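Notes for the one structure printed next.
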Amino acid sequence: MPAPSSAKPLYRIDECPDLMADGCVGDEQGNLVFLSIWARDTAVQEFLARLTLGRDEQGLDQFHVITEQGASIPVFVGNVENLEKRITRAYRRTLFGSLTNVWLFDRRCVKPDKANASALALLPRDSAHRLDRLWTLVQDTCPLPLLDHWRDTVLELLQTRRMLTGLPLALGPLEGHRLAL
Numbered sequence: 008m009p010a011p012s013s014a015k016p017l018y019r020i021d022e023c024p025d026l027m028a029d030g031c032v033g034d035e036q037g038n039l040v041f042l043s044i045w046a047r048d049t050a051v052q053e054f055l056a057r058l059t060l061g062r063d064e065q066g067l068d069q070f071h072v073i074t075e076q077g078a079s080i081p082v083f084v085g086n087v088e089n090l091e092k093r094i095t096r097a098y099r100r101t102l103f104g105s106l107t108n109v110w111l112f113d114r115r116c117v118k119p120d121k122a123n124a125s126a127l128a129l130l131p132r133d134s135a136h137r138l139d140r141l142w143t144l145v146q147d148t149c150p151l152p153l154l155d156h157w158r159d160t161v162l163e164l165l166q167t168r169r170m171l172t173g174l175p176l177a178l179g180p181l182e183g184h185r186l187a188l
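Per this note's numbering, the sequence shown starts with residue 8, numbered consecutively.
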C-alpha cells in the first residue's frame with residue numbers, strides 16, 4: 008500500500024476565489040517572482056487575462072495571498088511581459104472536473120540578465136545542493152570566468168556585500184535568492 012502523501016498547504020488568492028496557490032515567492036518590494044496556482048481552466052484563463060488588463064477593466068496589478076494563519080500578503084505583478092508561464096492539465100477526472108496547474112515566474116529565474124548582471128534562483132527549501140546551484144548561478148551570471156575552487160570565498164563575499172540575498176516572501180516548498188553583481 009502506498010504511503011499517504013504529506014499534506015501540503017494551499018493558499019487562497021483573495022481576488023480570485025476559484026484559484027488556490029501551492030507556492031509563491033516574492034522579492035523585497037513584494038513583487039512576484041514565482042507563483043504556482045491550481046484551478047479549473049476557465050478560472051486560470053480569467054486570472055491570466057486580468058493580469059494583462061488595466062485597473063479600469065477589472066485588471067489585477069496586485070493580488071493578496073491568504074496564509075494558513077489568515078494573514079493577507081500583497082503580491083505586486085509589475086510588468087507582465089517579464090513573466091513566463093508554464094501550464095499543464097492534471098487530474099482530468101476529478102469531482103471538480105479537469106484541474107490546471109500554472110507556474111508564473113520572472114524570466115530571470117530561467118535565464119540570467121547578463122546585461123545587468125542579475126539573476127534569480129528558485130530552490131527547494133533545505134536543498135542539499137543549495138551552494139552548488141547558487142555557485143552555478145553566479146558563474147552563469149558573472150561576466151568574468153570564475154574557478155570552482157573559489158566557490159566558498161566568492162559566495163561568502165557576495166552574501167556579506169548583500170549581492171546574493173534570500174528573498175523574504177516564500178510560501179510553499181520553494182525559497183528564492185537574488186543575485187545582483
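Heads up, the beta-carbon is just placed ideally off N, CA and C, and yes, glycines get one too. These numbers were taken from a predicted model, which means no experiment stands behind them.
- Of all alpha-carbon atoms in V51, E35, V40, K121, the one lying nearest the alpha-carbon of L151 is that of K121.
- Rounded to whole angstroms, the separation of the alpha carbons of L153 and Q146 is 6 Å.
- Across the structure, A128 and G66 are spaced so that their CA atoms are roughly 28 Å apart.
- Assigned with DSSP and collapsed to three states, V84 falls in coil, not helix or strand.
- In this structure, P180 places its C-beta atom within 9 Å of the C-beta atom of P131.
- Judged by their CB atoms, V72 and R19 are nearer to each other than the 9 Å cut-off.
- Of all alpha-carbon atoms in L171, T160, H156, the one lying nearest the alpha-carbon of L144 is that of L171.
- Less than 9 Å separates the beta-carbon of L42 from that of G30.
- Contact check for A177 against T148 fails: the beta carbons are separated by 9 Å or more.
- From the listed residues R185, R169, L138, C23, the smallest Cα separation to D155 is found for L138.
- DSSP places W142 in the uninterrupted alpha helix (DSSP H) bounded by 137-148.
- Per DSSP, reduced to three states, the secondary structure at T160 is helical.
- By the Cβ neighbour-count rule, H136 is exposed, with fewer than 16 other Cβ atoms within 10 Å of its own.
- With distances taken between CA atoms, T74 lies nearest to P16 out of P16, L165, L162, R168.
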